[in-house]
Amino acid sequence: METAGKKEGAAKGAAAGIRAEGAGKTVIIVGASSGIGYETALRLIGRGFSVVNISRTPCSMQRVKNFAADVTVGNTLEKAVAEAVNAEGGLYALVYSAGYSMAAPVEYADEKDYRYLFEVNYFGALRALKCAVPHLKRRGGRVVFVSSMGGTFPVAFDSFYSSSKAAVDMLAKAAAIELEPYRIRVCSVQPGGTSTGFTFKRKVYGDEENREYAARLKRAAAALANMEQGGLSAGEVARQVVDVICEKHPPLSVRCGAMSKFYAAAKRVLPDRTTQFINKKAYKQ
320 METAGKKEGA
330 AKGAAAGIRA
340 EGAGKTVIIV
350 GASSGIGYET
360 ALRLIGRGFS
370 VVNISRTPCS
380 MQRVKNFAAD
390 VTVGNTLEKA
400 VAEAVNAEGG
410 LYALVYSAGY
420 SMAAPVEYAD
430 EKDYRYLFEV
440 NYFGALRALK
450 CAVPHLKRRG
460 GRVVFVSSMG
470 GTFPVAFDSF
480 YSSSKAAVDM
490 LAKAAAIELE
500 PYRIRVCSVQ
510 PGGTSTGFTF
520 KRKVYGDEEN
530 REYAARLKRA
540 AAALANMEQG
550 GLSAGEVARQ
560 VVDVICEKHP
570 PLSVRCGAMS
580 KFYAAAKRVL
590 PDRTTQFINK
600 KAYKQ
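Laid out in structure tokens, this is it:
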């Protein structure tokens, strides 16, 4: 199994061997310290891009420049984007890969928890977009939101996560219309279950908080964890993100993985009642 150092070394070699397509272009990734964001940074370096990470925790790759920010705190995100662009002399693409998830029943979920989730998943993405656009308008570029198939097929007892990702997908489509005249292409990449540490960072409410929903929530949370850990690798999703950045005419949305494409097709042709039935079975409801 390759270590992170070996993988980064391979990326350096690829970038050094030829004049890669990303030469002279800077990509800011919000959330490149781990998971999909980290793997995206690795692949962008391999294609010759300069990569900047903005997150609370720095990215460990030597060739990634780090700027600290918490997307839920004050204007730290806006300051970090401005500092990064000034340091790099420009911006070609923004990738928003920060995320938060919680397993809780709608009836008993604490307002501070779901407001925090939306601050990270949706409002953070919106704020990153707003502060990147003035820089992208100078020469055109790319914006990629790492979304989720949960925005199309709701995740049982993770309704706030699904709602936030559906909002992100619509933001991408609407922003794409507004920004097209400036040669800025916007896309949401929608993976299904993906094996990362995100599974183990999910906030899962306990039995006392869940009350009469406790047994059902446990089944749903376990099913979701199994889907993720038995699903796509972070690298597979990252390849899709990088392809979108490099394509001349990227799509509005990309579904990652065969199951995601199947579910998206099923959603288009099957009645809502049928897709809800499939979804309940998937989450042991």
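When the count follows this note's numbering, it moves up by one through the sequence shown with no breaks and lands on 604 for the last residue. Ideal placement from N, C-alpha and C gives every residue a C-beta, glycine not left out.
{"Query": "Local conformation of Leu571 per DSSP, three classes", "Result": "coil"}
{"Query": "Backbone secondary structure at Gly393 - three-state DSSP", "Result": "coil"}
{"Query": "Whole-angstrom distance between Ala583 and Arg375, CA atom to CA atom", "Result": "34 Å"}
{"Query": "Distance, Val505 Cα to Pro473 Cα", "Result": "23 Å"}
{"Query": "Residues near Arg530 in its chain [Cβ-Cβ closer than 7 Å; skip 5 each side]", "Result": "Tyr427"}
{"Query": "Residues of its chain near Ala494, where Cβ-Cβ distance is below 6 Å and the 5 sequence neighbours each way are ignored", "Result": "Val505"}
{"Query": "Sheet register partners of Ser553 (DSSP bridge)", "Result": "The identity of residue 553 in the sequence shown is Ala, whereas the question assumes Ser. None; Ala553 has no bridge partner."}
{"Query": "Exposure of Arg461, with buried meaning 16 or more beta-carbon neighbours within 10 Å", "Result": "buried"}
{"Query": "Pair within 8 Å by beta-carbon distance, Ala351 and Leu396", "Result": "no"}
{"Query": "8 Å contact criterion, which Ala299 and Arg538 should meet: CB distance rounded", "Result": "Lying outside 320 to 604, the shown extent of the chain, residue 299 is not represented and no answer is given."}
{"Query": "Option in Ile355, Asp562, Gln604 and Gly511 with minimal Cα separation from Tyr581", "Result": "Rather than Tyr, the amino acid found at residue 581 in this sequence is Phe. The option with the nearest alpha carbon to Phe581 is Gly511."}
{"Query": "Tyr441 beta carbon less than 8 Å from that of Ala399", "Result": "no"}
{"Query": "Min CB distance Ala584 to chain D below 8 Å", "Result": "In the structure shown, chain D does not exist; there is a single protein chain."}
{"Query": "Secondary structure of Met421, DSSP reduced to three states", "Result": "strand"}
{"Query": "Unbroken stretches of the beta strand (DSSP E), 3 residues or longer, contained in the segment 490–538", "Result": "503–510"}
{"Query": "The segment 536–554 in contact with the segment 373–388 per 3-pair CB rule at 8 Å", "Result": "no"}
{"Query": "Spatially closest choice to Asn545 from Gln559, Tyr532, Thr518 and Ala553, by CA coordinates", "Result": "Thr518"}
{"Query": "Boundaries (first-last residue) of the beta strand (DSSP E) holding Gly460", "Result": "Gly460 to Val465"}
{"Query": "Beta-carbon spacing of Val463, Val508 below 8 Å", "Result": "yes"}
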